[in-house]
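Enquirer: Before we start, here is the structure in question, set down as structure tokens.
In our numbering, the protein residues as written are 12 to 144.
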């Protein structure tokens, strides 16, 4: 059976009930300012983030992937992160997906997932360094 959602990380999704309308929200890859409000996505017990997510202009989110998918495990982790980003920021269709993503950071679903979302408000110093910094 073919997956109607498309490849993970496509950044867009057309739900069955949308009657072919494009999604109101989307995400794109780019650079995230770690000094501004952002969400860090980690995998299982590894504290080093896979990706940073921040609100962007005009119903867009900016996603910065911090690890290169150099092996099968890294590719699987990035794919899982992309699927979660798609789900929480685009597919759920919340009126304010950024507020929902921040809420999700404190839920049991987040705690039990392989991908963990953590909110870093503006001014809260990140506890990680980007590769090469």
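Even glycine gets a Cβ: it sits at the ideal position worked out from N, Cα and C.
Note that the structure is predicted; figures quoted are calculated from it, not measured.
1. Excluding the 5 residues preceding and the 5 following residue 131 in the sequence, name in chain order all residues of the same chain whose CB lies nearer than 8 Å to its CB.
2. Excluding the 5 residues flanking residue 133 on each side, which residues of the same chain have their C-beta closer than 6 Å to its C-beta?
3. Going by DSSP in three states, residue 79 sits in which element: helix, strand or coil?
4. Can you check DSSP and say which residues form a bridge with residue 57?
5. Can you grab the Cα-Cα spacing for the pair residue 77 / residue 88, in whole Å?
6. Using the three-state DSSP reduction, which class does residue 66 fall into: helix, strand or coil?
7. Considering just the uninterrupted stretch of the beta strand (DSSP E) at residue 128, what are its terminal residues?
8. The beta strand (DSSP E) spanning residue 38 covers which residue range?
9. Please report the straight-line C-alpha distance between residue 36 and residue 71, rounded to a whole angstrom.
10. Let me check understanding here. Comparing Cα to Cα, which of 40, 122 and 126 lies closest to residue 95?
11. Can you give me the C-alpha to C-alpha distance between residue 108 and residue 97, rounded to a whole angstrom?
12. Hey, how far is the Cα of residue 54 from the Cα of residue 101?
Expert: Quick answer:
1. Excluding its 5 nearest sequence neighbours in each direction, residue 131 has C-beta neighbours in its own chain below 8 Å: 45, 48, 49, 50, 51 and 137, listed in chain order.
2. Within the same chain, and ignoring the five residues on either side of residue 133 in sequence, the residues whose Cβ sits closer than 6 Å to its Cβ are 47 and 48.
3. Three-state result, residue 79: coil.
4. Residue 57 has 54 as its beta-bridge partners, per DSSP.
5. Approximately 12 Å between the Cα atoms of the pair.
6. Three-state result, residue 66: strand.
7. Boundaries of the beta strand (DSSP E) around residue 128: 126-131.
8. Looking at the DSSP string, the run of the beta strand (DSSP E) that includes residue 38 is 37-40.
9. In a straight line, the C-alpha of residue 36 is about 6 Å away from that of residue 71.
10. It is 126.
11. Near 11 Å, if we compare the C-alpha coordinates of residue 97 and residue 108.
12. The alpha-carbon atoms of residue 54 and residue 101 are separated by roughly 21 Å.
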